[in-house]
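Notes follow once the structure below has been shown.
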Amino acid sequence: MSNYSEMWSSLGLNLEAHDQLLKVLPPTYHDVYLTQPNRPKNMEYFDFVVNEIHGLRIQELQEHKKAGGKVIGAFCVFVPEEIVRAAGGICIGLCSGIDIGTAEAEQVLPRNICPLIKSFMGFKLAKICPYFESCDLVVGETTCDGKKKAFEILNDYVPVHVMETPQMKKGRDRDLWLEEVKDFARLVEETTGNQISAATLARSINEVNGKRRALRRLADLRKCDPAPISGKDSLLIEQIAMYDDVERFTARVNQLCDELEQRVQAGEGVFPAKTPRVIVTGTPMAIPNWKVPHIIETSGAVIVAEELCTGLRYFENEVAEDATGLDNMLENVAARYMGINCAVFTPNPGRLEKLVQLVKEYNAGGVIHCTLSFCDPYAVEANRVEKMLKQEGIPLLKIETGYDQEDAGQLKTRIEAFVEMLK
Amino acid sequence: MYAGIDIGSRTIGFVALAGDRVLLTALEDTGHEPLDTARKLLNQKYARVVATGYGRHSAKSDFAHDVITEIKAHALGAAYLYPGVRTVLDIGGQDTKVILLNDRGSVTDFQMNDRCSAGTGKFLEVMAGALGYTGVGEFGEEALKGKRGIKISNMCTVFAESEAVSLLHRGAGREDIALALHVSVVERTAGMLQRVGYKTPLVFTGGVANNRCIVTLLAEKLGVEVIVPPQPQLVGALGAALAAATTAAAQ
Ligand code: SF4
Ligand code: SF4
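Just so you know, the sequences run in chain order A and B.
Residue numbers for the first sequence follow our numbering, so the first one is 552 and each next one is one higher.
Residue numbers for the second sequence follow our numbering, so the first one is 49 and each next one is one higher.
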């Protein structure tokens with residue numbers, strides 16, 4: 552990484568703590584990513600992006616800001632990126648996939664709370680994340696109780712706009728969500744000082760759909776046996792999707808897919824044909840949380856799909872592009888997001904049906920359900936998943952784990968045993 | 049000849065097979081240099097060596113041809129000794145496992161305890177020490193003489209230990225406390241078996257299966273026969289040896 556210290560200190564980062572973070576990342580990345588066999592050549596771009604995660608991309612954001620642009624950060628895939636882009640803003644996902652700033656976070660949060668929440672609070676309080684520090688506005692939501700209440704605290708340190716995400720999917724919930732989307736559009740206009748027009752919104756809908764389509768193309772290629780790309784690499788791409796430049800990212804994913812198509816034609820893969828195939832489902836895995844996927848793919852299985860918010864839930868439905876007026880377009884935007892099968896909804900049958908469908912489509916032998924510790928929505932919904940999969944005769948392994956590595960040995964045994972069962 | 053080696057946290061089990069006949073067995077303390085101990089046990093030439101246990105991966109980078117998990121190893125071993133077994137309960141030094149098998153002897157589901165040592169061999173060892181017994185063997189035998197009536201409310205090793213010690217100070221009988229501690233392990237284990245929906249025949253393996261008090265209480269609690277193989281600590285190594293023999297045959 553080139554020297555970005557000046558930029559980092561101008562962002563007000565705590566350089567010492569930030570250095571520590573940068574020191575942990577490269578060895579982890581090397582061990583988890585660069586040692587994989589038969590990686591597609593086009594992963595180079597994504598390796599580069601990770602390498603420049605706090606460098607070049609932050610510089611781009613700063614240049615955007617210097618030119619008068621705004622940066623808006625989000626914690627959930629419910630926040631409509633189209634709207635931010637239509638007003639000339641950049642929308643980024645605030646990752647929170649690592650144990651950091653824990654001591655600071657625990658001064659304001661209970662100890663027994665999900666590591667994702669603790670992580671974003673820690674990032675902010677310890678001033679370690681240049682993305683966070685680049686944000687003009689941060690958008691929260693009322694998905695789970697922990698996040699909802701944590702945003703009140705976070706608001707002491709950075710302005711947080713909270714969108715009310717519904718808990719059910721009835722008509723009145725959809726109406727509520729549409730209102731929230733409209734309010735958000737107004738707020739984004741205020742923040743950026745730019746009007747959203749039918750033309751700018753149509754364009755951004757098209758661009759973000761393009762990103763989703765590229766990611767779906769990638770997902771579809773993974774239906775092949777042997778899998779042309781590892782689950783870890785796919786997850787990484789899905790994680791990067793949330794903060795990289797939309798058009799460049801889309802082009803690079805498509806370029807990678809071209810290569811993967813050739814591989815599929817040649818019958819080449821990252822692992823031999825007939826390697827046990829699994830689907831991962833559960834709480835999102837924010838970058839750089841690669842813990843469970845790494846154990847899975849070093850235990851003789853390949854991950855063929857992620858039913859996660861850092862996965863299919865992020866790109867599986869598109870915003871309909873048939874509207875002409877601004878109001879209709881906003882309706883289409885709101886409707887697309889209500890299709891997300893997050894465990895905060897009750898009931899959430901869509902997720903269960905989707906899983907069964909995925910197992911068939913991707914020819915998977917089993918499902919691994921991963922819940923972050925203290926994440927009630929997914930931990931409790933695991934029971935519904937178990938019931939459904941049992942009924943369908945699909946093997947399931949349930950895992951609950953945090954960001955620490957203490958349980959890595961035990962997880963490895965359980966995952967290996969599950970893979971032995973699938974063979 | 050094929051060998052299976054089970055590198056556990058407390059002991060290393062070793063089994064050598066000729067065809068499917070057991071030739072040699074050995075059991076050693078793991079000690080500080082598990083790989084050295086393991087290499088000494090493997091002092092002959094074997095066509096194939098399969099390792100299992102928590103040390104399996106370091107064994108693979110050293111001398112083993114292949115590895116299998118403890119779960120598969122115990123299932124294979126138990127099914128060889130008791131064809132038709134449907135559930136294997138394995139309680140070792142650090143963890144407790146429940147393994148379900150179908151009628152063809154393949155694993156269909158399994159459960160492991162979470163990160164803590166509550167209810168494992170380690171738990172019993174700490175408690176034996178706290179009550180001043182010379183070892184887990186004596187602890188179990190003495191517990192059989194205890195009277196019911198005391199209840200240990202903590203499952204966490206640290207808290208249960210101080211609970212046991214304070215009971216002792218308050219004048220409760222040592223054997224009675226010992227029994228109560230065994231009861232608490234059995235309740236936890238029975239709960240785990242019931243959650244998974246265990247079936248009979250049930251085979252109990254691992255070091256803790258040598259504890260007569262646990263076996264008796266468990267059979268009472270579940271109301272089923274609890275089958276304990278003659279050398280329950282070697283079942284994992286036996287399973288690994290069987291895996292070595294079958295993979296070799298398949299190649
Ligand atoms: S799991 Fe639910 S709350 Fe979390 S990012 Fe996904 S949609 Fe949002
Ligand atoms: S992982 Fe679970 S508990 Fe944590 S923020 Fe997401 S939904 Fe909430």
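Glycine is no exception: its CB is placed at the ideal position from the N, C-alpha and C atoms.
Using a Cβ cut-off of 7 Å, pull out every chain A residue sitting near residue i, in sequence order please.
i: phenylalanine 158 of chain B; result: Ala968
Using three-state DSSP, classify residue i as helix, strand or coil.
i: lysine 145 of chain B; result: strand
i: phenylalanine 62 of chain B; result: strand
i: methionine 594 of chain A; result: helix
i: methionine 552 of chain A; result: Any reading at methionine 552 of chain A must be qualified, since the residue scores a pLDDT of 47, below 50, and its modelled position is unreliable; no value is offered.
i: glycine 851 of chain A; result: coil
i: methionine 836 of chain A; result: coil
i: valine 751 of chain A; result: Note on residue identity: the sequence assigns threonine, not valine, to residue 751 of chain A. It is helical.
i: alanine 885 of chain A; result: helix
i: valine 931 of chain A; result: helix
i: alanine 123 of chain B; result: helix
i: arginine 104 of chain B; result: helix
i: leucine 227 of chain B; result: helix
i: threonine 73 of chain B; result: strand
i: arginine 965 of chain A; result: helix
i: threonine 586 of chain A; result: coil
i: aspartate 138 of chain B; result: strand
i: aspartate 114 of chain B; result: strand
i: glycine 245 of chain B; result: coil
i: aspartate 239 of chain B; result: The identity of residue 239 of chain B in the sequence shown is glycine, whereas the question assumes aspartate. Correct three-state label for glycine 239 of chain B: helix.
i: glutamate 937 of chain A; result: helix
i: arginine 763 of chain A; result: helix
i: valine 97 of chain B; result: strand
i: alanine 856 of chain A; result: strand
i: valine 234 of chain B; result: helix
i: isoleucine 275 of chain B; result: strand
What are the boundary residues of the beta strand (DSSP E) that residue i is part of?
i: histidine 920 of chain A; result: 917-923
i: isoleucine 623 of chain A; result: 622-625
i: leucine 947 of chain A; result: 947-952
i: threonine 253 of chain B; result: 250-253
i: alanine 656 of chain A; result: From DSSP, alanine 656 of chain A is part of no beta strand (DSSP E) but of the alpha helix (DSSP H) over 653-659.
i: glycine 284 of chain B; result: Premise fails: glycine 284 of chain B lies in the alpha helix (DSSP H), 283-298, not in any beta strand (DSSP E).
i: glutamine 644 of chain A; result: At residue 644 of chain A the sequence reads glycine, which differs from the glutamine that was named. Looking at the DSSP string, the run of the beta strand (DSSP E) that includes glycine 644 of chain A is 641-644.
Could you pull the start and end residues of the alpha helix (DSSP H) that residue i belongs to?
i: threonine 615 of chain A; result: The residue asked about is misnamed: residue 615 of chain A is histidine in this sequence, not threonine. 607-617 is the span of the alpha helix (DSSP H), which, as asked, contains histidine 615 of chain A.
i: cysteine 808 of chain A; result: 797-817
i: valine 635 of chain A; result: 632-637
i: tyrosine 580 of chain A; result: 566-580
i: tyrosine 794 of chain A; result: Unbroken run through tyrosine 794 of chain A: none, as it is neither H nor E.
i: alanine 267 of chain B; result: 260-270
i: alanine 51 of chain B; result: Here alanine 51 of chain B belongs to no alpha helix (DSSP H); instead the beta strand (DSSP E) covers 50-55.
i: proline 900 of chain A; result: 900-912
i: leucine 89 of chain B; result: 82-89
i: tyrosine 982 of chain A; result: Outside the shown range of chain A (552 to 974) lies residue 982 of chain A, about which nothing can therefore be said.
i: phenylalanine 674 of chain A; result: 666-676
Counting only Cβ pairs nearer than 8 Å, list the residues of chain B close to residue i.
i: glutamate 971 of chain A; result: Ile116, Thr117, Ile119, Lys120 and Val155
Applying a beta-carbon distance threshold of less than 7 Å, which residues of chain B neighbour residue i?
i: glycine 960 of chain A; result: Tyr102
i: arginine 965 of chain A; result: Met160
Tell me whether residue i is buried or exposed, calling it buried when 16 or more other Cβ atoms sit within 10 Å of its Cβ.
i: proline 131 of chain B; result: exposed
i: asparagine 554 of chain A; result: exposed
i: methionine 719 of chain A; result: exposed
i: glycine 697 of chain A; result: buried
i: cysteine 680 of chain A; result: buried
i: arginine 152 of chain B; result: exposed
i: serine 560 of chain A; result: exposed
i: alanine 637 of chain A; result: buried
i: phenylalanine 683 of chain A; result: buried
i: histidine 217 of chain B; result: exposed
i: lysine 88 of chain B; result: exposed
i: histidine 230 of chain B; result: buried
i: cysteine 695 of chain A; result: buried
i: serine 165 of chain B; result: buried
Minimum length 3: unbroken beta strand (DSSP E) runs contained in the region 152-206 of chain B = Secondary structure remark: continuous beta strand (DSSP E) runs of at least 3 residues inside the region 152-206 of chain B, in chain order: 155-160.
ask   = For the region 679-753 of chain A, which segments carrying the alpha helix (DSSP H) assignment without a break, of at least 4 residues, lie completely within its bounds, in sequence order?
value = Every alpha helix (DSSP H) of 4 residues or more that sits fully in the region 679-753 of chain A is shown, in chain order, as 681-685, 696-705 and 722-743.
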